[in-house]
Structures are given as structure tokens and as C-alpha cells.
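There are 2 protein chains.
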Amino acid sequence: MSERSERTGPASAVSIDIREVGPRDGLQPEAPVPVAARVELVSTLVAAGVATIEVAAFVSPKAVPAMAGAGEVMAALGPAPDGVRYVALVPNAKGAELALAAGLSALTLTVSASEAYSQRNVRMSVEESLGQVAAVRAVVGPSVALDVVVSCAFGSPYEGEMAPGEVAALGARARSSGADALTYADTTGMATPRRVAELVAETGPAVGLHLHDTRGTALVNAYAAMSLGVRRFDTAVGGLGGSPFAAGAGGNLATEDLVHLCDDLGVATGISLEGVLAASAQVADLVGHVVPSRVAAAGPRSRLHPA
Amino acid sequence: MSERSERTGPASAVSIDIREVGPRDGLQPEAPVPVAARVELVSTLVAAGVATIEVAAFVSPKAVPAMAGAGEVMAALGPAPDGVRYVALVPNAKGAELALAAGLSALTLTVSASEAYSQRNVRMSVEESLGQVAAVRAVVGPSVALDVVVSCAFGSPYEGEMAPGEVAALGARARSSGADALTYADTTGMATPRRVAELVAETGPAVGLHLHDTRGTALVNAYAAMSLGVRRFDTAVGGLGGSPFAAGAGGNLATEDLVHLCDDLGVATGISLEGVLAASAQVADLVGHVVPSRVAAAGPRSRLHPA
Numbered sequence: 106m107s108e109r110s111e112r113t114g115p116a117s118a119v120s121i122d123i124r125e126v127g128p129r130d131g132l133q134p135e136a137p138v139p140v141a142a143r144v145e146l147v148s149t150l151v152a153a154g155v156a157t158i159e160v161a162a163f164v165s166p167k168a169v170p171a172m173a174g175a176g177e178v179m180a181a182l183g184p185a186p187d188g189v190r191y192v193a194l195v196p197n198a199k200g201a202e203l204a205l206a207a208g209l210s211a212l213t214l215t216v217s218a219s220e221a222y223s224q225r226n227v228r229m230s231v232e233e234s235l236g237q238v239a240a241v242r243a244v245v246g247p248s249v250a251l252d253v254v255v256s257c258a259f260g261s262p263y264e265g266e267m268a269p270g271e272v273a274a275l276g277a278r279a280r281s282s283g284a285d286a287l288t289y290a291d292t293t294g295m296a297t298p299r300r301v302a303e304l305v306a307e308t309g310p311a312v313g314l315h316l317h318d319t320r321g322t323a324l325v326n327a328y329a330a331m332s333l334g335v336r337r338f339d340t341a342v343g344g345l346g347g348s349p350f351a352a353g354a355g356g357n358l359a360t361e362d363l364v365h366l367c368d369d370l371g372v373a374t375g376i377s378l379e380g381v382l383a384a385s386a387q388v389a390d391l392v393g394h395v396v397p398s399r400v401a402a403a404g405p406r407s408r409l410h411p412a
Numbered sequence: 106m107s108e109r110s111e112r113t114g115p116a117s118a119v120s121i122d123i124r125e126v127g128p129r130d131g132l133q134p135e136a137p138v139p140v141a142a143r144v145e146l147v148s149t150l151v152a153a154g155v156a157t158i159e160v161a162a163f164v165s166p167k168a169v170p171a172m173a174g175a176g177e178v179m180a181a182l183g184p185a186p187d188g189v190r191y192v193a194l195v196p197n198a199k200g201a202e203l204a205l206a207a208g209l210s211a212l213t214l215t216v217s218a219s220e221a222y223s224q225r226n227v228r229m230s231v232e233e234s235l236g237q238v239a240a241v242r243a244v245v246g247p248s249v250a251l252d253v254v255v256s257c258a259f260g261s262p263y264e265g266e267m268a269p270g271e272v273a274a275l276g277a278r279a280r281s282s283g284a285d286a287l288t289y290a291d292t293t294g295m296a297t298p299r300r301v302a303e304l305v306a307e308t309g310p311a312v313g314l315h316l317h318d319t320r321g322t323a324l325v326n327a328y329a330a331m332s333l334g335v336r337r338f339d340t341a342v343g344g345l346g347g348s349p350f351a352a353g354a355g356g357n358l359a360t361e362d363l364v365h366l367c368d369d370l371g372v373a374t375g376i377s378l379e380g381v382l383a384a385s386a387q388v389a390d391l392v393g394h395v396v397p398s399r400v401a402a403a404g405p406r407s408r409l410h411p412a
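Residue numbers (my numbering), protein chains in the order written: chain G, 106 to 412; chain A, 106 to 412.
Next comes the structure, spelled out in C-alpha cells:
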């Protein structure tokens with residue numbers, strides 16, 4: 106964190122921490138990309154100043170072909186540079202063991218607030234999924250950082266509204282089961298500023314948010330959350346992503362769109378907008394299609410038209 | 106306004122006025138659409154509860170082919186239904202005369218904060234353009250509503266930043282030249298919540314905003330503006346639009362995206378989301394391509410997946 110503070114400078118009254126999930130959530134629904142290219146994308150993100158990157162998922166390659174080769178990714182990456190933290194998604198204790206063996210010391214694990222989504226995403230009930238939190242903690246010991254991502258926290262495409270109090274209670278149970286941080290995910294873009302405020306009123310602002318732009322609300326939700334004191338956000342370069350297990354899911358909040366907003370608001374991210382735009386162009390080449398980010402398409406507001 | 110209040114109900118603490126500009130700004134950069142189809146689109150918008158609609162532009166059909174036939178549009182529309190107001194864009198006194206002859210009693214006229222954009226858009230200097238405000242007022246007399254839209258109010262793709270004080274001063278000059286309302290336009294998507302706050306600090310909240318989503322910030326800018334007390338917004342069904350004279354311009358804030366947000370925030374718009382989604386599907390058919398609105402693509406958050 107000291108390096109981060111130096112990078113953002115002493116004039117920054119407010120800063121946020123961005124966890125870049127592009128190499129994992131961003132690439133997950135895409136046609137598989139070679140390990141070497143995924144590693145190169147991580148390098149570009151590091152060069153852009155991204156301090157926390159979800160680089161892999163230790164999941165079944167049959168279930169998520171694009172995430173195959175997590176061990177190879179880690180081996181090719183080598184140890185994280187100073188001031189950078191690599192994170193991997195694990196679905197269970199077995200995945201955690203593999204991640205640990207691959208050298209990771211920060212993990213994410215998803216628990217869904219939606220019973221129906223949980224069944225479709227991990228073929229477990231919510232209760233069984235909570236049991237995995239304890240199982241993973243037992244396997245990894247106390248020194249590994251374990252962030253539980255509560256999916257469908259702002260609504261489920263199957264059950265509809267989620268009561269904020271119940272979602273927060275699920276988060277509290279995940280903490281007492283072994284999570285040392287919580288991130289609430291808007292898996293299918295059902296969050297609104299009002300929903301964000303209602304959930305943060307229950308959880309307090311010391312949580313992360315993982316926002317999807319399915320209905321064009323990711324940026325306004327992040328803005329509303331920042332105004333409530335939330336300081337941790339998941340984003341994906343280019344705005345790629347979306348669960349293959351949720352009908353109608355859209356891409357993640359684009360890293361460049363949040364950095365572009367924060368730069369203008371004077372909220373420090375430690376990330377170079379030009380650097381992340383380079384990563385965005387790279388990931389567009391990798392997936393072979395235009396990325397959803399509007400800033401990637403239009404360029405930053407500071408980029409003028411030659412008169 | 107009384108009908109509007111009835112429609113939104115007494116429980117609404119806050120409401121906004123949406124001026125739908127889809128039939129004008131939305132269709133302007135598209136391949137020309139027949140008059141009958143434009144009239145039908147207006148009917149669908151009226152049925153959705155839209156109370157103010159910019160239905161035509163009395164401009165040169167050579168310069169803007171999609172806006173040809175403004176007189177025919179007005180003739181086919183006939184008088185506006187009770188509680189509905191039709192508006193037309195005019196570039197000058199001659200356009201205002203034509204609009205008046207076609208039965209309009211509410212006009213918009215653009216004055217640019219950017220000298221370079223003004224030259225490209227209307228081939229006039231900013232000073233000459235201000236002169237048109239007085240000329241139009243002289244032609245239409247005191248009873249016609251004249252809203253001056255200050256374009257490039259949050260930045261110009263040619264000159265960059267616009268000083269909020271200077272932009273507000275230009276608006277004040279437009280008022281003293283004969284405008285009875287002002288709308289500040291983010292013609293090329295350079296606004297941010299900070300820029301909105303800086304301009305509203307100069308103008309006060311009794312202005313309209315016309316936001317474009319070039320950089321994905323239209324909704325967050327509208328949200329920030331509402332929190333500052335701004336209550337008038339231009340939107341275009343489907344999020345279509347963009348100036349043919351501004352490089353990198355993106356579509357307007359989509360009507361359905363703002364209504365979707367306001368519905369959830371408890372901000373009354375008087376507009377039925379399902380109704381505007383019907384208009385959005387209609388306009389997508391008319392232009393022959395997918396519209397930018399995310400809510401149009403994903404459906405409202407209340408539309409669940411069949412389990």
C-alpha cells in the first residue's frame with residue numbers, strides 16, 4: 106500500500122482500490138485465449154499501474170474452457186512484482202489447494218445470494234457453498250487472503266429482488282465461515298443507486314462491489330457507491346465479461362470507464378488511463394471483437410479532434 | 106402540468122421533465138426515414154406518456170437529409186394531444202417562420218459554446234448565432250416558447266475544456282437575447298459529474314441538460330444533476346443520435362435508460378417504461394440496426410428469466 110500511495114501522490118484526498126478481473130471474469134465467457142497471451146495481458150495491466158489482478162480461476166476446464174491452464178498461467182507469470190497482488194478464483198477446497206500449490210496467497214470464492222443461480226453456477230445450494238468457505242479456509246490456513254464474492258446481491262434473474270438485510274446476513278455468515286473480506290456482486294446488472302444504498306446501509310462501506318453493465322448502470326452504481334464511502338471495486342479491462350450461467354448477463358464495469366471517471370473526479374486509482382487503454386486494445390485483439398467500453402471506443406475526453 | 110401531476114400521482118416527492126428528442130436528434134444522423142414512420146413513432150411516444158417531444162427540425166434538407174419534410178410531419182401529426190407539447194428545432198429566423206406556419210408554439214435553437222463547432226454545425230460564429238436568438242424572437246413574438254440549447258457546454262472536441270463561468274455567461278446572453286429557457290448540451294460526451302456540478306453552480310438548477318453517452322457517462326451525469334436539483338432532461342428513445350458535425354459524437358442518453366433509473370429511484374417521469382420500450386423497438390426497426398440502449402437490450406431489471 107505504501108507504493109500505491111506514492112504513485113497516487115499526496116494531494117489525493119480520496120482513493121479507491123480497483124481489482125482488475127479482466128483476465129478472469131473478462132475472458133471467462135470468451136473463446137479460449139492462449140496462456141502466453143493471458144500472461145502478456147497481465148503484464149500490460151501491471152505496467153498500467155493495476156495493483157490487484159484476478160489472473161486465473163482454478164475451476165473445471167470442462168465447465169469453463171476459457172479458464173483452462175490456471176497453473177500454467179501462474180508458472181509463466183512468476184512471483185507478482187512489488188506492490189502487485191495476484192488473485193485467483195477457486196470454487197472449492199480442491200481448487201484452493203491447486204491455487205496454493207501454484208503460489209497464490211489471495212483467493213476469491215463465490216457464494217450466491219440466489220439459490221437458483223447457485224445451483225446453475227456451481228451446482229451447490231447456498232448452504233453447501235457457504236460450507237466451501239470454511240473448507241477453503243481450513244485448507245489454506247490463516248495467512249491466505251480470502252475474499253468471498255456474494256453473487257446476485259442486488260437481484261436474481263430467477264427469484265427477482267433480494268432483501269438487502271438477508272444478503273448482508275449471508276455475507277456475515279461467509280465472514281464467520283472464514284472470509285476476511287466481502288465483495289457484493291451485481292451478477293446480472295440489476296443494481297441501481299437505490300439498491301446500492303440499501304445494501305451498503307446494511308453492510309457498511311467496508312466492502313467491495315463487483316458491478317456489471319447489463320442495463321447501463323455500472324458506472325452510476327459505482328459513483329453512488331463512492332459517494333457512500335465504498336472504496337473497493339472490481340472492474341474488467343474493456344468491459345468484457347459476463348457469467349456463462351446467467352441469462353442476460355452483461356459485461357463488467359470497464360476498468361478504463363471507472364478510471365476515466367475517477368481521474369476527472371480527483372479520486373486516485375493508481376492506474377494510468379492510457380496504460381489501461383493499451384490493455385483494452387490488447388484484449389480486443391485477443392477476443393477478436395470490439396469491447397463494450399465506451400471510453401475505449403471514443404477515447405478519453407482529453408483527446409481532442411485535430412482541428 | 107396538471108395532467109402530468111395526476112399521471113405521476115401524489116406520492117411522488119420528486120419528478121423530472123423529459124423532452125424526448127428521438128424523432129429529431131435521434132433520427133438526424135440516420136438514413137432518412139419516411140414521414141409516416143416518424144409520425145407513427147411520435148404516436149407511440151405519446152402513448153408511452155411522453156409529454157414533450159422534439160418532432161422535427163426546420164433545417165436545410167441538403168445539410169440534414171434525415172430531417173427533410175418537417176412541414177409534412179407537422180401536418181400529419183395535427184395538433185398535439187392534451188397535455189403534450191411538440192417542439193421543433195430551428196436554426197434561424199427563416200426556420201422559425203416555417204415552424205410557426207406549421208403550427209408550432211415551442212422551438213429550440215442551438216448556440217454553441219465552441220467557436221469551432223459553431224462554424225462546423227451552423228456555419229456561423231457564436232456571436233452570429235446569438236444574433237439568431239434575437240432574430241427568432243422578433244419573428245415569433247412573445248408567446249412562443251424558445252429554448253436555447255448551448256452546445257459543447259462541457260467541452261469541445263476542438264478547443265477542449267470550456268470554462269463553466271463563460272458557458273453560463275453565454276447562456277445568460279442567450280436569455281437576454283430572447284430565450285425563455287436554457288438547456289446545456291454535452292454534444293460530444295465530455296461531461297462528468299464534476300463538470301455538471303461546476304456548471305450548475307454557475308447556472309443554478311433551473312436549466313435543462315442534454316446529455317450524450319459517447320463515453321458511457323450520460324446516466325451518471327443525469328444522476329449527479331438530479332442530485333443537484335436539475336429537473337429537465339433531453340433523452341432519445343433507444344439512445345440514438347449524435348451530431349453529424351462533431352467527430353466522435355455518440356448517441357443521446359436513452360429515454361428508457363433514464364426512465365428505468367428514475368422508476369427505481371422513485372423519481373416520477375410520467376412515462377411508462379414498457380411504453381418507451383415499445384417505441385425503442387419501433388425505432389430500431391426504422392433505422393435497421395440495434396439501438397445503443399442497454400435497457401432495450403437486456404430488458405428492465407424486473408423482467409425475470411423463466412426458471
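Every residue gets a Cβ at the ideal spot worked out from N, C-alpha and C, and that includes glycine.
Leaving out five residues on either side along the sequence, give the residues of the same chain with a beta carbon under 7 Å from the beta carbon of residue i.
i              : result
residue 239(G) : 282 and 283
residue 266(A) : 260
residue 182(A) : 144, 147, 160 and 191
residue 113(A) : For residue 113(A), the pLDDT reaches just 35, beneath the cut-off of 50, and the residue's location in the model is therefore unreliable, although a value from the coordinates is still provided. Closer than 7 Å at the Cβ level, and outside the excluded window around residue 113(A), lie 120, 373 and 375.
residue 296(G) : 259, 316, 322 and 326
Shorter than 8 Å from the beta carbon of residue i to some beta carbon of chain A?
i              : result
residue 339(G) : no
residue 289(G) : no
residue 254(G) : no
residue 269(G) : no
residue 400(G) : yes
residue 129(G) : no
residue 280(G) : no
residue 299(G) : yes
residue 347(G) : no
residue 241(G) : no
Residue i versus chain B: which residues are under 8 Å apart at the beta carbon?
i              : result
residue 295(G) : The structure shown contains no chain B; the protein chains it does contain are G and A.
Check whether the Cβ of residue i lies closer than 8 Å to any Cβ atom in chain G.
i              : result
residue 263(A) : yes
residue 409(A) : yes
residue 228(A) : no
residue 382(A) : no
residue 386(A) : no
residue 144(A) : no
residue 403(A) : yes
residue 134(A) : no
residue 116(A) : Its pLDDT being 40, under 50, residue 116(A) is placed unreliably by the model, and nothing is read from it.
residue 260(A) : yes
residue 113(A) : Reliability fails at residue 113(A), whose pLDDT of 35 lies under 50, so the model's placement of it is uncertain and the value that follows must be treated cautiously. So no, residue 113(A) is outside the interface.
residue 109(A) : Low local confidence applies: a pLDDT of 38 at residue 109(A) is under 50, so the model's placement there is unreliable, with the coordinate-based value given in what follows. So, not an interface residue.
Are the Cβ atoms of residue i and residue j separated by less than 8 Å?
i              : j              : result
residue 301(G) : residue 330(G) : yes
residue 304(G) : residue 259(G) : yes
residue 345(G) : residue 131(G) : yes
residue 335(G) : residue 314(G) : yes
residue 362(G) : residue 321(A) : yes
residue 255(G) : residue 227(G) : no
residue 195(G) : residue 204(G) : yes
residue 391(G) : residue 138(G) : yes
residue 374(A) : residue 121(A) : yes
residue 169(A) : residue 162(A) : yes
residue 149(A) : residue 124(A) : no
residue 395(G) : residue 386(G) : no
residue 262(G) : residue 365(A) : no
residue 377(G) : residue 154(G) : yes
Who are residue i's beta bridge partners in DSSP?
i              : result
residue 338(G) : 123(G) and 314(G)
residue 97(G)  : Because chain G here runs from 106 to 412, residue 97(G) falls outside it and cannot be looked at.
residue 291(A) : 316(A)
residue 265(A) : 261(A)
residue 212(A) : 193(A) and 251(A)
residue 372(A) : 119(A)
residue 256(G) : 217(G)
Can you give me the Cβ contacts of residue i inside the same chain, cut-off strictly under 8 Å, excluding the 5 residues immediately before and after it?
i              : result
residue 252(A) : 192, 211, 212, 213, 214, 284, 285, 286, 287, 288 and 313
residue 198(G) : 237, 240, 241, 243 and 244
TODO: Could you please tell me which residues of the segment 352-380 of chain A, in chain order, have their CB closer than 7 Å to any CB of chain G?
DONE: 352, 353, 355, 362, 365, 366, 369 and 370
Open item on the list: Counting only Cβ-Cβ distances shorter than 7 Å, please list the residues of the segment 306-327 of chain A near chain G, keeping chain order.
Closed with: Per Cβ criterion, the list reads 318, 319, 320, 321, 322, 324 and 325.
Task: Residues, ordered as in the chain, of the segment 200-216 of chain G that lie near chain A by beta-carbon distance below 7 Å - done: none
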